[in-house]
Amino acid sequence: MRNTICIGCKEEWNGKMHISLYCSLAFSCEKCEHTIQINTSKMIPDTKHRDINIRVQLASFLGAHLAGIGRAGVAKIFGAMHIPRPVKEDHYEEIDRKLLLPCIKKFQHQSMEAAIYEAVDENDGDPTSLTVSGDGTWQRRGFKSIREVAAVLSCNTTPEVFDVQRLSKKCVICIGELSVKNTDSDLYDEIISNHDYESNYDGSSGGMESKGIQDIFKRSFSKYQVQYTRYIGDGDLSVMWDLTQHPSYPGIEIEKIEDINH
Numbered sequence: 089m090r091n092t093i094c095i096g097c098k099e100e101w102n103g104k105m106h107i108s109l110y111c112s113l114a115f116s117c118e119k120c121e122h123t124i125q126i127n128t129s130k131m132i133p134d135t136k137h138r139d140i141n142i143r144v145q146l147a148s149f150l151g152a153h154l155a156g157i158g159r160a161g162v163a164k165i166f167g168a169m170h171i172p173r174p175v176k177e178d179h180y181e182e183i184d185r186k187l188l189l190p191c192i193k194k195f196q197h198q199s200m201e202a203a204i205y206e207a208v209d210e211n212d213g214d215p216t217s218l219t220v221s222g223d224g225t226w227q228r229r230g231f232k233s234i235r236e237v238a239a240v241l242s243c244n245t246t247p248e249v250f251d252v253q254r255l256s257k258k259c260v261i262c263i264g265e266l267s268v269k270n271t272d273s274d275l276y277d278e279i280i281s282n283h284d285y286e287s288n289y290d291g292s293s294g295g296m297e298s299k300g301i302q303d304i305f306k307r308s309f310s311k312y313q314v315q316y317t318r319y320i321g322d323g324d325l326s327v328m329w330d331l332t333q334h335p336s337y338p339g340i341e342i343e344k345i346e347d348i349n350h
C-alpha cells in the first residue's frame, strides 16, 4: 500500500489499515496529506451496523450451536485469530431465546409430524397402530445425572424421531439467580415469576428413561391420533413395566419386542 501513487501529486501514499471484523483501509498522501478511505463492507440501510459484522454474528451464533461449543467456544476461536468477539453475551442470549429456540421448536414439530405421517402411510395393517423404538440418554453417565432426554423413533429403514421428552431434576435459572436474591429481591422475584421452570421430575435418575417414554406414549393419540402398540427396546425392564402397569391406551396391551443389539 505504501507504494501506491497519489493521482494528485504523484507521490506515494502512506497506507494504514484498521483490522477488525469490518476493515477500513485509509490511504493518505505524505506530501499533500490528501486521504481516501475504502470500506471493506457496506453499511446496512437505516442502521449503524456493517454487513460483515451482522453476517459474522449470525454465522458464529449458528455455528456455535451446531458445533456444540456455545459462545465461550466461539470467543476462544476468535481470540486465537486476534478478532474481537462477534456477539456480546447478553445479545447472544437474547437471540438464543427470541429467535433460535422458537425456530428450532417449529421445525422440530414439523419434522416429527412428517415422520408420523410417513409411518402411517407405510403401515400395511392398522395405520394408527405403530411399532416404535425408544431409548433415553443422560446428561452424564451413571445414576446421578439430573437431566435426561427420552425419545421414541420409527422403525423404518431410516428411523425418524416421533417425539422427545426432556426431564430435569433441577432448574438452572432458579439455581443461578440465588446470587441475585440477596442483592436485589425485587429483581429476583421478577425473574423467577417470568421464567420457564425447567424442573419436571423428582424421582431417581435411573427412572428418568421409563418416565419420559411413558409420557410420550400417553400423549401420542392427543398429539398425532396414533397409538404405539409395539415397542422395541433394550433390556431395561422398568420401561416395559411402567407401560404395562400404567396403560397409555385403555384396553390395549403393548407388545414388547426385545432387541439384543439395541
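All letters in the sequence shown, in the order written, are residues 89 to 350 by the numbering used here. C-beta atoms are modelled at their ideal positions from N, C-alpha and C, and glycine is treated no differently.
Could you give the distance in angstroms between the alpha-carbon of residue i and the alpha-carbon of residue j?
i	j	result
Y276	H334	39 Å
S217	A152	40 Å
D272	E181	21 Å
H170	Q196	37 Å
S199	I192	10 Å
E118	K136	31 Å
G213	V314	13 Å
Beta-carbon within less than 6 Å of residue i's beta-carbon, same chain only, minus the 5 sequence neighbours each way: which residues are those?
i	result
K344	Y319 and M328
A238	G224, Q253, E297, G300 and I301
C111	T128
S336	F305 and K306
P215	V208
E236	G224, W226, L255 and M296
T332	none
Y285	C259
Nearest to residue i by alpha carbon, out of the options?
i	options	result
I263	I279, F250, Q196 and G339	I279
R229	I124, V314 and G294	G294
V240	I124, V249 and M200	V249
H122	G339, K136, N141 and K98	K98
Grab me the residues of residue i's own chain with a C-beta within less than 7 Å of its C-beta, minus the 5 sequence neighbours each way, in chain order.
i	result
I183	F149
S287	S256, K257, K258 and C259
Ignore the nearest five residues each way along the sequence and tell me which others in residue i's own chain have a CB closer than 8 Å to its CB.
i	result
D139	S129, K130, M131 and I132
S326	G294, G295, E297 and S298
Residue i and residue j look like a contact to me (Cβ under 8 Å); what is the Cβ gap, rounded to whole Å?
i	j	result
Y316	V220	5 Å
| request: Ignoring anything shorter than 3 residues or poking outside the region 101–164, list the beta strand (DSSP E) runs there in chain order. | output: 101–106, 112–117 and 123–127
| field | Segments of 4+ residues assigned as alpha helix (DSSP H) that fall wholly inside the region 317–344 | value | 325–333
| Sequence ranges, beta strand (DSSP E) only - wholly within the region 201–272, length at least 3 | Those beta strand (DSSP E) runs which fall completely within the region 201–272 and span 3+ residues are 217–226, 235–242 and 249–256.
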